[in-house]
Amino acid sequence: MARKPHSTEVGNLVRKSMSLIGPQTEIELQKYNAHYAFLGTSGISQSKGFTSSDLYEAEVKRAMFAAGQKVVIAADHSKFERQGLIHV
Numbered sequence: 001m002a003r004k005p006h007s008t009e010v011g012n013l014v015r016k017s018m019s020l021i022g023p024q025t026e027i028e029l030q031k032y033n034a035h036y037a038f039l040g041t042s043g044i045s046q047s048k049g050f051t052s053s054d055l056y057e058a059e060v061k062r063a064m065f066a067a068g069q070k071v072v073i074a075a076d077h078s079k080f081e082r083q084g085l086i087h088v
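Residues 1 to 88 in our numbering are what the sequence shown lists, from first letter to last.
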């Protein structure tokens with residue numbers, strides 16, 4: 001089933017994951033300096049690090065990494081030693 005993002009002023013909203021994606025979201029994130037950036041992940045492995053299952057979400061997560069002084073990954077035990085498709 002293809003997802004249908006809803007367009008907003010700051011990017012495209014993916015309703016299923018309630019995440020913003022797209023180039024406009026990345027541009028908007030460059031305006032911020034955050035003490036903490038909280039991110040989810042599809043998987044964490046020693047060889048690949050943090051991964052995402054979606055290319056567009058991975059690009060936004062990279063922008064969030066750059067905006068945060070400290071990054072907190074929110075993940076439970078099921079994410080360890082799993083890999084998503086895209087390295088974040």
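We put the CB at the ideal spot given by N, CA and C, even for glycine.
These figures come from a predicted structure and were not determined experimentally.
When the five nearest sequence neighbours on each side are left out, the beta carbons in the same chain lying within less than 7 Å of the beta carbon of Q24 are those of V10, G11, in order along the chain.
Per DSSP, T51 lies in no alpha helix (DSSP H) segment; the continuous beta strand (DSSP E) that holds it begins and ends at 49 to 52. Residue R62 holds the alpha-carbon nearest to the alpha-carbon of A37 among R62, D76, H77. In the three-state reduction of the DSSP assignment, A63 falls in the helix class, which pools H, G and I. Taking the CA atoms as reference points, G43 sits about 21 Å from R15. Excluding the 5 residues flanking it on each side, V72 has same chain C-beta neighbours closer than 8 Å at Y36, A37, F38, L39, in chain order. Approximately 6 Å separates the beta-carbon atoms of H87 and G49; this is inside 8 Å, confirming the contact.
In the structure shown, S7 falls within a strand segment according to DSSP collapsed to helix, strand and coil.
In the three-state reduction of the DSSP assignment, A58 falls in the helix class.
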